Amino acid sequence: MEGIVQETLELWIAGGALMVPLAILGGVIYFAIFELYLYMKKKKFYMMDANELGHWIDVPKDAKGDVAEIIHYTQDGVKDMDGARARFEEVRVSHLPVLQRRLYFCNILVGAAPLTGLLGTVMGMLGTFFGLSVSTGGNTIDLVAGGISEALITTQTGLVLAIPAYVMMTVVKKQIGELDSFFNRMEILTILKLEKNNLAK
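Counting in full-length UniProt numbering, the sequence shown tops out at residue 201, every number present.
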């Protein structure tokens, strides 16, 4: 364990000044993505069975939880298709734009990680060239090696932060898309119910 800590500390020091911003950026990235992911897991009503959803829309008193609230809001006092569509548009506006903005914010952060690593590459190479230009003898090798190490470590750190975060963002994006599809299914089933009720009159 001590050896791992020592190696990590050595890598941290070799990575140069940009390791601190990368660490802060990594913390913000994963906090934001995990928060969004857990929020979507909590609101997992969009994964419910299609047959059960159809039954709840036909018989609203059997509905439960968040879905019950949406069903009652989109059916109570609604007598035509235009009214139902307007209610569902309000439901979408209350859920989707906030999630999409948060996903966009996460996307910016994830994109910044490899770019920050690339900045470290540039700084490391500048240090390498500076070492070549001003030093002589054995000291040159140390300066060049230090600059190259800094360049590679920051690039690697940026990619290590960004790649798993990108995978998690893809999962969250899929969840948001499924939520949108769920609202579409609810809207279609509600309109079909209204049409059937209007024909029966």
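The beta-carbon is built from N, C-alpha and C at its ideal position, and this holds for glycine as well.
As the structure is a computational prediction, the values presented were derived from the model and not from experiment.
With 16 or more other Cβ atoms from the protein chains shown falling within 10 Å of its own Cβ, A32 counts as buried. If you look at F31, you'll find it in the alpha helix (DSSP H) that goes 19 to 42.
Contact annotation: A151 and T116 have beta-carbon atoms that are not nearer than 9 Å. Annotation: G26 to L99 spans about 21 Å, alpha carbon to alpha carbon. For I148, the closest of L9, I163, M123 by C-alpha to C-alpha distance is M123. Within its own chain, the residues whose Cβ lies closer than 7 Å to the Cβ of A112, once the five positions on either side in sequence are excluded, are L25, listed in chain order. Annotated three-state conformation of V98 is helix, per DSSP. The alpha-carbon separation between D49 and Q6 amounts to approximately 52 Å.
Y37 is positioned such that its CB atom lies closer than 9 Å to that of V171. The continuous alpha helix (DSSP H) containing G54 extends over residues 50 to 58. Taking the Cβ atoms as the reference, V91 lies roughly 7 Å from T74, within the contact range of under 8 Å.
In this structure, Y30 places its C-beta atom within 9 Å of the C-beta atom of A165.
In the three-state reduction of the DSSP assignment, D66 falls in the helix class, which pools H, G and I.
Contact between L103 and K196 does not hold, since the beta-carbon distance rounds to 37 Å and is not under 8 Å. In the same chain as I191, and ignoring 5 residues on each side of it, the C-beta atoms closer than 6 Å to its own belong to M81, A84, in chain order.
The closest CA to that of D66, considering only L179, L118, T154, F105, is found on L179. Relative to the Cα of M47, the nearest Cα in the group R87, T128, F129, M186 belongs to M186. Cβ-Cβ separation between L189 and G54: approximately 6 Å, consistent with a contact (criterion under 8 Å).
A Cβ-Cβ contact shorter than 9 Å links T155 with L118. Spanning the alpha carbons of A17 and F105 requires a straight line of approximately 25 Å.
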